[in-house]
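So for the sequence shown, full-length UniProt numbering puts the first residue at 1; every next one is plus one.
Taking it in order: structure first as structure tokens, then the write-up.
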Amino acid sequence: MGDATRSWVKVSEAVRAFVGRLVGTLDDPVGLARVLSDLGQVVGKTCRRNKRRKPGTVELLNDVSLLDFGLT
Numbered sequence: 001m002g003d004a005t006r007s008w009v010k011v012s013e014a015v016r017a018f019v020g021r022l023v024g025t026l027d028d029p030v031g032l033a034r035v036l037s038d039l040g041q042v043v044g045k046t047c048r049r050n051k052r053r054k055p056g057t058v059e060l061l062n063d064v065s066l067l068d069f070g071l072t
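What follows is the structure, given as structure tokens:
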């Protein structure tokens, strides 16, 4: 479903910072691949999620047994 080690907020901020470069390379497949690679590196290095006491949304979506209450 998603990577529980990544912060969706931080990823969205990273994507926002790359929008201009992405739009500028839409007609250049090689350039677009380079920009997407750069974006992937930024996300990998800077968009880690801080440790939490309780599981986050992505973790709960991936494993419902982590809920601390029963579903009816």
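Every residue gets a Cβ at the ideal spot worked out from N, C-alpha and C, and that includes glycine.
* Cutoff 7 Å; reference R21; Cβ partners in own chain excluding five residues on either side -> V35
* Can you say whether A33 is buried or exposed, counting buried as having 16 or more other CB atoms within 10 angstroms of its CB? => exposed
* With V58 as the anchor, note down where its alpha helix (DSSP H) starts and where it stops. => T57 to N62
* **Given A14 as reference, the closest of R52, D68, V42 and N50 once Cα atoms are compared** => V42
* Asked: Got a sec? Which residues, its chain only, sit under 7 Å from K10 by beta carbon, not counting five neighbours each side?
  -> T46 and C47
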